[in-house]
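Report on the following structure.
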Amino acid sequence: MAWIQIRINATKQHAEVISDYLMATGAASVTFVDAKDTPIYEPKLGEVTLWANTTVIGLYEANHDMKKVLAYLEKQQQFKDGVPHKIEQLEDKDWVREWMENFHPIQFGEKLWICPSWRDVPDPSAVNVMLDPGVAFGTGTHATTALCLRWLDSIDLSGKTVVDFGCGSGILGIAAIKLGAKRVIGIDIDPQALAASKDNAERNQVADQLEVYLPEDQPEFEADIVIANILAEPLRELHQVILGLLKPSGQFALSGILEEQAESVRTIYQQFATLDDTQIKGEWVRVSGVKHP
Numbered sequence: 011m012a013w014i015q016i017r018i019n020a021t022k023q024h025a026e027v028i029s030d031y032l033m034a035t036g037a038a039s040v041t042f043v044d045a046k047d048t049p050i051y052e053p054k055l056g057e058v059t060l061w062a063n064t065t066v067i068g069l070y071e072a073n074h075d076m077k078k079v080l081a082y083l084e085k086q087q088q089f090k091d092g093v094p095h096k097i098e099q100l101e102d103k104d105w106v107r108e109w110m111e112n113f114h115p116i117q118f119g120e121k122l123w124i125c126p127s128w129r130d131v132p133d134p135s136a137v138n139v140m141l142d143p144g145v146a147f148g149t150g151t152h153a154t155t156a157l158c159l160r161w162l163d164s165i166d167l168s169g170k171t172v173v174d175f176g177c178g179s180g181i182l183g184i185a186a187i188k189l190g191a192k193r194v195i196g197i198d199i200d201p202q203a204l205a206a207s208k209d210n211a212e213r214n215q216v217a218d219q220l221e222v223y224l225p226e227d228q229p230e231f232e233a234d235i236v237i238a239n240i241l242a243e244p245l246r247e248l249h250q251v252i253l254g255l256l257k258p259s260g261q262f263a264l265s266g267i268l269e270e271q272a273e274s275v276r277t278i279y280q281q282f283a284t285l286d287d288t289q290i291k292g293e294w295v296r297v298s299g300v301k302h303p
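For the numbering used here, count along the sequence shown from 1 and bump the result up by 10.
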């Protein structure tokens, strides 16, 4: 099916109102895009944050009358001086198949591969995690996940109990099991993430080694290793919770941290642990270390 889209330059004060206008004129969907390359990394919980300069994109079926859309917009008060817009035809493609064609197996460290199910496994003798993107975060393509996977590949996990704190898709916990961990405990505040983790564990035939819990339901235990790929603010606020899951002299790795946030995270955790050198990938970092005995 072919589509047509209209792109409208807006400020964050007007973006949501313009979205309502586009939906009122029959848009199938509306998307907000950063117009000036000023990304927002960590909004407050429950907050919807828009960029100061936002592009509002309305998507319509190809036969939609865009003259009527513009006529409607021109009647609105904020467009009394005209509608700053661009209308574009979109090529009719199988977008899902096109995306799948560009998603390839990725290697992390020496022996770990993350492989989508529709691709051939590059090295059958390697440690292969089969994972398809879904509702929960974590496919290995993001720098923060890559930093964590490389760390897991670099340490001895044989027979260890591992906590995947903020487990998302379960990618880190499943990788830990495939790399030798005996038991993995996935913790997340989102029930969909727990379901995704279990589904992916079953796909990888490791479901009997993965337990998942909401924070309020988790049992008492002490893990050998904790890995938390979330965001800097909860890593700071929950440092006692995260370290409390770890036995003395246990190892941990933290990611989801921007380079400029690394020092504030290190300052907190170095009170309770011996830290490794910060590892950087792009603008993201990993902080790892060993909890004090």
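A virtual CB, placed ideally from N, CA and C, is assigned to each residue, including glycine.
DSSP bridge partner residues for residue i (one or two, in chain order)
{"i": "PHE262", "result": "VAL236, GLY299"}
{"i": "ARG17", "result": "ILE67, LYS96"}
{"i": "CYS125", "result": "MET140"}
{"i": "SER39", "result": "LEU69"}
{"i": "VAL222", "result": "GLY196"}
{"i": "ASP44", "result": "THR64"}
{"i": "LEU376", "result": "The structure shown does not extend to residue 376, since the chain is modelled only from 11 to 303, so the question has no answer here."}
{"i": "LEU256", "result": "ALA233"}
Secondary structure of residue i, DSSP reduced to three states
{"i": "LEU157", "result": "helix"}
{"i": "SER29", "result": "helix"}
{"i": "LYS22", "result": "coil"}
{"i": "GLU120", "result": "coil"}
{"i": "PHE175", "result": "strand"}
{"i": "ALA283", "result": "strand"}
{"i": "ILE199", "result": "coil"}
{"i": "GLN250", "result": "helix"}
{"i": "GLN289", "result": "strand"}
{"i": "LYS208", "result": "helix"}
{"i": "VAL275", "result": "helix"}
{"i": "LYS188", "result": "helix"}
{"i": "GLN86", "result": "coil"}
{"i": "ALA12", "result": "coil"}
{"i": "GLU101", "result": "coil"}
{"i": "ASP163", "result": "helix"}
{"i": "LEU182", "result": "helix"}
{"i": "LYS77", "result": "helix"}
Straight-line Cα distance separating residue j from residue i
{"i": "ILE116", "j": "ILE235", "result": "24 angstroms"}
{"i": "ILE28", "j": "LEU100", "result": "21 angstroms"}
{"i": "ALA217", "j": "THR288", "result": "33 angstroms"}
{"i": "ALA203", "j": "SER179", "result": "6 angstroms"}
{"i": "ALA37", "j": "ALA81", "result": "15 angstroms"}
{"i": "LEU224", "j": "MET140", "result": "24 angstroms"}
{"i": "GLU26", "j": "GLU98", "result": "21 angstroms"}
{"i": "ALA206", "j": "LYS78", "result": "43 angstroms"}
{"i": "ALA136", "j": "GLU247", "result": "38 angstroms"}
{"i": "GLN12", "j": "ALA272", "result": "First, the amino acid is wrong: residue 12 is Ala here, not Gln. About 46 angstroms."}
{"i": "PRO201", "j": "ILE237", "result": "19 angstroms"}
{"i": "ALA20", "j": "VAL66", "result": "7 angstroms"}
{"i": "TRP132", "j": "LEU122", "result": "First, the residue type needs correcting, since residue 132 is Pro and not Trp in the sequence shown. If you take the alpha carbons of PRO132 and LEU122, they lie about 11 angstroms apart."}
{"i": "LEU241", "j": "PRO229", "result": "24 angstroms"}
{"i": "GLN281", "j": "PHE42", "result": "41 angstroms"}
{"i": "CYS177", "j": "ILE199", "result": "9 angstroms"}
{"i": "ASP44", "j": "ILE18", "result": "12 angstroms"}
{"i": "ASP227", "j": "GLU243", "result": "23 angstroms"}
{"i": "SER274", "j": "PHE118", "result": "27 angstroms"}
{"i": "PRO134", "j": "HIS114", "result": "15 angstroms"}
{"i": "ASP130", "j": "ASP91", "result": "56 angstroms"}
Residues near residue i by beta carbon distance below 7 angstroms, same chain, minus five either side
{"i": "GLY299", "result": "PHE262, TYR279, ALA283, THR284, LEU285, ASP286"}
{"i": "LEU83", "result": "TYR31, PHE89, VAL93"}
{"i": "SER259", "result": "VAL300, LYS301, PRO303"}
{"i": "HIS74", "result": "ILE14, GLY36"}
{"i": "PRO49", "result": "Caution applies to PRO49, whose pLDDT of 46 falls short of 50 and renders its modelled position unreliable; the value that the coordinates give is listed next. Same-chain partners within the cutoff: there are none."}
Minimum C-alpha distance to residue i - residue among the options
{"i": "GLN250", "options": "ALA206, LYS301, ASP200", "result": "LYS301"}
{"i": "GLY254", "options": "GLU232, THR155, ASP200", "result": "GLU232"}
{"i": "LEU245", "options": "CYS158, ASP91, ARG276, LEU182", "result": "ARG276"}
{"i": "ILE165", "options": "LEU69, MET33, GLU120, ASN19", "result": "GLU120"}
{"i": "ASP209", "options": "ILE184, ILE237, GLN86, LEU69", "result": "ILE184"}
{"i": "LEU182", "options": "TRP161, ILE199, ASP200", "result": "TRP161"}
{"i": "GLU71", "options": "GLN215, MET33, ASP174", "result": "MET33"}
{"i": "VAL40", "options": "LEU69, MET76, ILE18", "result": "LEU69"}
{"i": "ASN214", "options": "ILE252, SER127, ASP198", "result": "SER127"}
{"i": "PHE175", "options": "HIS152, ASP44, VAL222", "result": "VAL222"}
{"i": "GLN86", "options": "MET76, HIS24, HIS114, LYS96", "result": "HIS24"}
{"i": "LEU189", "options": "ASP163, PHE42, GLY196, ARG129", "result": "ASP163"}
{"i": "ILE267", "options": "MET76, ILE16, ASP198, HIS152", "result": "HIS152"}
{"i": "ILE16", "options": "LYS96, GLY196, HIS114", "result": "LYS96"}
{"i": "ILE252", "options": "SER274, ASP227, ILE197", "result": "ILE197"}
Contact set for residue i: own chain, Cβ-Cβ below 6 angstroms, skip 5 residues either direction
{"i": "ALA191", "result": "LEU167, LYS170, VAL172"}
{"i": "SER265", "result": "THR154, LEU157, CYS158, ASN239, ARG296"}
{"i": "ILE124", "result": "ILE116, VAL139, LEU141, GLY150"}
{"i": "LYS257", "result": "GLU232"}
Residues near residue i in its chain [Cβ-Cβ closer than 8 angstroms; skip 5 each side]
{"i": "GLU269", "result": "ILE290, GLU293, TRP294, VAL295"}
{"i": "GLN219", "result": "ILE187, ALA191, LYS192, ARG193, VAL194, ALA211"}
{"i": "MET76", "result": "ILE14, ILE16, TYR70, ILE97"}
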